[in-house]
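S.K.: The following block contains the structure, expressed as structure tokens.
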Amino acid sequence: MRNIHDNAFLKHIAVVTEKNDSINPELYEKYDVKRGLRNANGTGILVGLTKIGDVVGYEIQNGKKVPIPGKLMYRGYDVAELVHDAEKHNDFCFEQTVYLLLLGKLPTKKQLEEFKHYLGSLRTLPPNFTEDMIMKAPSNDIMNKIARGVLASYSYDPDPENRDISNIMRQCLELIARFSTLAAYAYQAKRRYYDEKSMYIHNPVPELSTAENFLRLIRADGKYTKLEAQILDLALILHAEHGGGNNSSLTVHVVSSADTDTYSAIAAAVGSLKGRRHGGANIRVIQMMDDIKAHVKDWSNETSIRNYLKKIATKKAFDKTGLIYGMGHAIYTISDPRAILLNELAEKLAKEKGCLDEFKLYKSIEKIAPEVLYEVHGKGKQICANVDFFSGFVYTMLNIPRELYTPLFAISRIAGWSAHRIEEVSAGGKIYRPAYKNVCPERKYVPMDERR
């Protein structure tokens, strides 16, 4: 009998399975299937209602999409106003963003201080959690470790199955507070067991913000500058929520609609965000930029930059997919507000870190790439740089390891996921159950002795 672990046998199974599971692309058009839950014009299929967030990139005028400058709304407020208010007061704003997303209103100064104090008191992981759930079973992938940590949290919860909103809120606040600690400790364990480097386990400081705590926990000396923490805080604000239709937030709605527990719903969202088509995009940008910097010797020469971007777009360079990563978005066309806001502070950080030449290269690519893509592909929708284009560069300047880029996304987006979890439990009421058209013809069963 052939060994089930034999590579040739497994390859044979894969070929047969892939052939059996392939579906003629024409059938999708024949049955008017909304692939990716999107209409032919790029708009999303309406599957729910939300009060949490909105992503604005176009208006429908006379039945047609008309691009407008992008806006990101949290509970009806423009996120740019949150950011600029934080800058005005020289303060951290992610915790206020969490409060707004969960409670649906802006906190008073007293309410915010009490909220920060409460979150700070929850940052430490439960007793023995670090030793038993992180150190004894380290992972080479931080996102998988976070998902496991979320599921393990069920065992440390005295009331994990209670679906009352007050209990779900408690669970969500604990997860929001602990995500940065969980990610940082998972990273330290990876350093020790997979990278054969020293591991540093610092205790979180309750008085510090999420951004400050995270930088402190991942660095050997626990030190950081105020500007570093402020820019990381900005990145957390910008990634905290992006409407109910993004893949991971939709996952929270779908899984929560089945009436499961909070930990199962959030762990599923972590698995979604890990995907390269979702939260892993900023790493692809950094890898592309490494390639560009290696092949474009003069970063100030726009002709050289244009020529190499054209090679990438025509599948002759980098990963030969034809994609210029960090360019374009499903909804934003004229501008991605997150990219604009991150860009403003990125230049300031670039000056502090001595990275202005690299920042100017990013700005040149931001300008040239849409022109190159239009030249190569002809007519198409207007595109702009998205937040992934700048976020990886910012994390690099902050000396944050690449394996923590997507976990940082999760540390932020847990706020939006929690709000969507509560909204689904409060207002959903129906399990998600879309239709799939079966296109496999009915076949006559063949008894075992007659099979060939």
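Using the working numbering, the first residue of the sequence shown is number 794, and each one after it goes up by one. Note that CB positions come from ideal geometry on N, CA and C, so glycine has one too.
At what residues does the alpha helix (DSSP H) containing I1098 begin and finish?
M.R.: Where I1098 is concerned, the enclosing alpha helix (DSSP H) stretches over 1095–1106.
S.K.: Please name the residue in D1052, I1158, V1169, Q1175 whose C-alpha comes closest to that of K1271.
M.R.: The structure shown has nothing for residue 1271, since the chain only spans 794 to 1245.
S.K.: Buried or exposed, going by whether 16 or more other CB atoms sit within 10 Å of the CB of I1224?
M.R.: By the neighbour-count rule (16 or more Cβ atoms within 10 Å), I1224 is not buried but exposed.
S.K.: Which partner residues does M866 have in the DSSP bridge list?
M.R.: M866 is bridged to D847, D871.
S.K.: Following the continuous alpha helix (DSSP H) through C965, name the residue where it begins and the one where it ends.
M.R.: 958–986 is the span of the alpha helix (DSSP H), which, as asked, contains C965.
S.K.: Here's a check: name, in chain order, each residue in its chain whose Cβ is nearer than 8 Å to the Cβ of N800, leaving out the five neighbours to either side.
M.R.: Excluding sequence neighbours, N800 sits near nothing in its chain.
S.K.: With a 10 Å radius around its C-beta and 16 neighbouring C-beta atoms as the bar for buried, classify K938 as buried or exposed.
M.R.: With 16 or more other Cβ atoms within 10 Å, it is buried.
S.K.: Contact defined as beta carbons within less than 8 Å: I believe W1210 pairs with S1041. What is the distance between those atoms, to the nearest angstrom?
M.R.: So it is a contact: roughly 7 Å between Cβ atoms.
S.K.: Just mark F887 as buried or exposed, buried being the case when its beta carbon has 16 or more other beta carbons within 10 Å.
M.R.: When all chains shown are included, F887 counts as buried.
S.K.: May I ask which residues mark the beginning and end of the alpha helix (DSSP H) holding L1041?
M.R.: Contrary to the premise, residue 1041 reads as Ser rather than Leu in this sequence. From DSSP, the alpha helix (DSSP H) with S1041 extends over 1040–1050.
S.K.: Per DSSP, what are the beta-bridge partners of R831 in this structure?
M.R.: Answer by DSSP bridge pairing, in chain order: G837.
S.K.: Using a threshold of 7 Å, state whether the C-beta atoms of A1123 and I969 are closer than that.
M.R.: No, they are not a contact pair.
S.K.: Figure out for me which residue from R971, K1174, L1043, S1065 has the closest Cα to the Cα of L842.
M.R.: Checked all of R971, K1174, L1043, S1065; the closest Cα to L842 is L1043.
S.K.: CB A1004 to CB L1020, shorter than 7 Å?
M.R.: Against a cut-off of 7 Å, the Cβ pair of L1020 and A1004 comes out as no contact.
S.K.: Are K864 and V849 close, meaning C-beta to C-beta below 7 Å?
M.R.: Contact: yes.
S.K.: Rounded to whole angstroms, what is the Cα-Cα separation between K902 and Y892?
M.R.: Cα to Cα, the separation comes out at about 12 Å.
S.K.: Can you say whether E1235 is buried or exposed, counting buried as having 16 or more other CB atoms within 10 angstroms of its CB?
M.R.: Under this definition E1235 is an exposed residue.
S.K.: Short check: CB of A979 to CB of L1010, under 7 Å?
M.R.: Contact: no.
S.K.: Say whether the stretch 909–925 touches the stretch 984–993, bearing in mind that this needs 3 or more beta-carbon pairs closer than 8 Å, one atom from each stretch.
M.R.: Short answer: they don't touch.
S.K.: Can at least three beta-carbon pairs, one atom from the stretch 1154–1162 and one from the stretch 1095–1115, be found at a separation below 8 Å?
M.R.: The stretch 1154–1162 vs the stretch 1095–1115: in contact.
S.K.: Take the Cβ of V1048 as the centre, count every other Cβ of all protein chains shown within 10 Å, and call the residue buried at 16 or more, exposed below.
M.R.: It is buried - the Cβ of V1048 has at least 16 other Cβ atoms within 10 Å.
S.K.: To which residues of the same chain is I961 closer than 7 Å at the C-beta, ignoring the five residues directly before and after it?
M.R.: Closer than 7 Å at Cβ, skipping near neighbours: T1055, R1214, I1215, V1218.
S.K.: Please check the pair G1115 and T1107, which I expect to be a contact at CB under 8 Å, by giving their CB distance rounded to whole angstroms.
M.R.: Contact flag correct, Cβ pair sits at about 7 Å.
S.K.: Once you ignore the five residues that flank S1050 on each side, which residues in its own chain have a CB closer than 7 Å to its CB?
M.R.: Excluding positions up to five away in sequence, the list reads E1217, G1221, K1223, I1224, Y1225.
S.K.: So for Q1175, helix, strand or coil by DSSP?
M.R.: It is coil, neither helix nor strand.
S.K.: If you check the beta carbons only, do L915 and E880 fall under 7 Å apart?
M.R.: Going by C-beta atoms, L915 is not nearer than 7 Å to E880.
S.K.: Could you say which of E954, L1001, R956, R1012 lies nearest to Q981 if we only look at CA atoms?
M.R.: When only C-alpha atoms are compared, the closest one is R1012.
S.K.: Going by alpha carbons, who is nearest to N1192 out of S1205, T1018, S946?
M.R.: Among S1205, T1018, S946, the Cα nearest to that of N1192 is on T1018.
S.K.: As a quick exercise: from K857, L895, D878, N996, pick the residue whose alpha carbon is nearest that of P920.
M.R.: Selected option, being the one with the closest Cα: N996.
S.K.: Taking the runs of the alpha helix (DSSP H) that are 4 residues or longer, which of them lie wholly in the stretch 886–956?
M.R.: DSSP runs (the alpha helix (DSSP H)) wholly in the stretch 886–956: 887–896, 902–914, 935–946.
S.K.: What residue ranges within the stretch 1156–1232 form continuous beta strand (DSSP E) runs of no fewer than 3 residues, ordered along the chain?
M.R.: None, since the stretch 1156–1232 contains no complete beta strand (DSSP E) of that length.
S.K.: At the level of alpha carbons, what is the spacing between A1060 and K1230?
M.R.: Approximately 29 Å, taken between the alpha carbons.
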